[in-house]
Amino acid sequence: MARGRKAGPAIKCITGRDFELMKGIAKTGVTSNFDARQVIGLSEKRLKNLEKECYIHSKGVVINGTSTIKVYSLDDKGKSYVKNNSDIDNFYRSNERQIQHDLKLSSIYYSLEREQRKSWLNENDLIKQYKLNNPNKKLNTMVDATFFNNGISIGVEVTTKNYTKEQIQEKYNIANEIGCGEVLKIEA
Numbered sequence: 001m002a003r004g005r006k007a008g009p010a011i012k013c014i015t016g017r018d019f020e021l022m023k024g025i026a027k028t029g030v031t032s033n034f035d036a037r038q039v040i041g042l043s044e045k046r047l048k049n050l051e052k053e054c055y056i057h058s059k060g061v062v063i064n065g066t067s068t069i070k071v072y073s074l075d076d077k078g079k080s081y082v083k084n085n086s087d088i089d090n091f092y093r094s095n096e097r098q099i100q101h102d103l104k105l106s107s108i109y110y111s112l113e114r115e116q117r118k119s120w121l122n123e124n125d126l127i128k129q130y131k132l133n134n135p136n137k138k139l140n141t142m143v144d145a146t147f148f149n150n151g152i153s154i155g156v157e158v159t160t161k162n163y164t165k166e167q168i169q170e171k172y173n174i175a176n177e178i179g180c181g182e183v184l185k186i187e188a
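For the sequence shown, this note's numbering puts the final residue at 188, and the numbers step up evenly by one.
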């Protein structure tokens, strides 16, 4: 009886593109299949292997009640890899109830140049930083993220129809308080 080859792990080593995907997910909560394939340049086979080895997991999400897209999140092995191989401490927690918001945030992240992505701080990073710098001050809101462009801190805020004018103004106020020179406001 002939024996087949013994299957080894689907992933022998993490590539730069694999790591770029995992860092992006850590910073924004999710990554769309489009961004994983077209922006980062990962093949469908590589994504399936990363999923098989528990670095990421995928699921289909419905957008605008009509179309379904595949999105990736970090699995435990991916979270551990990012923690051990980067300075990312605060992972952005995506929320299924606001998946369009989180996908828009991810899309903004991937639209940036690589150097700008390196400076990306998510909402959890910003809250932690704010509380360290202002221990006796109450924090009511925070922008979704910041990044640097030509030495200027840019605030990122993805809004939905549920935001009031007052809430949006609060976002601009906190962005100004934390030193943002501009705010990039996008509707989800």
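Yeah, the Cβ is synthetic: ideal placement off N, Cα and C, and Gly gets one too.
Note that the structure is a prediction, hence the values are computed from the model and not measured.
Nearest to residue i (by Cα), restricted to the options the options
{"i": "Thr68", "options": "Arg37, Asn33, Met142 and Leu74", "result": "Asn33"}
{"i": "Ser73", "options": "Leu47, Gln167 and Val30", "result": "Val30"}
{"i": "Gly65", "options": "Arg46, Gly16, Lys77 and Ile99", "result": "Ile99"}
{"i": "Ser94", "options": "Gln116, Lys165, Val61 and Cys13", "result": "Val61"}
{"i": "Leu105", "options": "Gly179, Asp35, Ile178 and Gly181", "result": "Asp35"}
{"i": "Ser107", "options": "Ile168, Val39 and Thr15", "result": "Val39"}
{"i": "Arg37", "options": "Tyr163, Glu166, Val71 and Ala188", "result": "Val71"}
{"i": "Gly41", "options": "Ile178, Thr15 and Asp75", "result": "Thr15"}
{"i": "Gln152", "options": "Arg97, Val183 and Gln169", "result": "The residue you asked about is not Gln; residue 152 is Ile in the sequence shown. Nearest of Arg97, Val183 and Gln169 to Ile152, Cα basis: Val183."}
{"i": "Ile178", "options": "Leu126, Glu96 and Asn90", "result": "Leu126"}
{"i": "Val156", "options": "Thr164, Ile174 and Lys77", "result": "Ile174"}
{"i": "Lys77", "options": "Asn134, Ala26 and Ile154", "result": "Ala26"}
Residues sharing a beta bridge with residue i, DSSP
{"i": "Gly60", "result": "Lys70"}
{"i": "Ala145", "result": "Asn122 and Val156"}
{"i": "Glu182", "result": "Ile154"}
{"i": "Glu51", "result": "Glu51 pairs with nothing; no bridge assigned."}
{"i": "Glu187", "result": "Thr159"}
Neighbour-count burial assignment, residue i, 16 or more Cβ in a 10 Å radius
{"i": "Asn176", "result": "exposed"}
{"i": "Lys12", "result": "exposed"}
{"i": "Thr28", "result": "buried"}
{"i": "Lys137", "result": "exposed"}
{"i": "Asp18", "result": "buried"}
{"i": "Leu139", "result": "exposed"}
{"i": "Lys171", "result": "buried"}
{"i": "Asp102", "result": "buried"}
{"i": "Arg46", "result": "buried"}
{"i": "Asp75", "result": "buried"}
Reduced DSSP secondary structure (H/G/I, E/B, other) of residue i
{"i": "Ser106", "result": "helix"}
{"i": "Asn176", "result": "helix"}
{"i": "Thr31", "result": "strand"}
{"i": "Glu170", "result": "helix"}
{"i": "Tyr92", "result": "coil"}
{"i": "Gly24", "result": "helix"}
{"i": "Glu113", "result": "coil"}
{"i": "Met1", "result": "Unreliable placement is indicated for Met1, whose pLDDT of 49 sits below 50; the coordinate value is still reported in the next sentence. Three-state result, Met1: coil."}
{"i": "Gly41", "result": "coil"}
{"i": "Asn84", "result": "helix"}
Query raised in the report: Does the pairing of the stretch 82 to 89 with the stretch 9 to 23 give three or more beta-carbon distances under 8 Å?
Result: Contact between the stretch 82 to 89 and the stretch 9 to 23 is present, because at least three Cβ pairs lie under 8 Å.
Query raised in the report: Are the stretch 113 to 123 and the stretch 50 to 58 touching, with three or more C-beta to C-beta distances below 8 Å?
Result: Three or more beta-carbon pairs separated by less than 8 Å are not found between the stretch 113 to 123 and the stretch 50 to 58, which leaves the two stretches without contact.
Report task. Report yes or no: do three or more beta-carbon pairs, one from the stretch 136 to 155 and one from the stretch 94 to 112, lie closer than 8 Å? Result -> Contact between the stretch 136 to 155 and the stretch 94 to 112 is present: three or more C-beta pairs spanning the two stretches fall below 8 Å.
Requested in this report: Report yes or no: do the stretch 125 to 135 and the stretch 37 to 57 share at least 3 C-beta pairs separated by less than 8 Å?
Outcome: Counting Cβ pairs under 8 Å, fewer than three are found: no touch.
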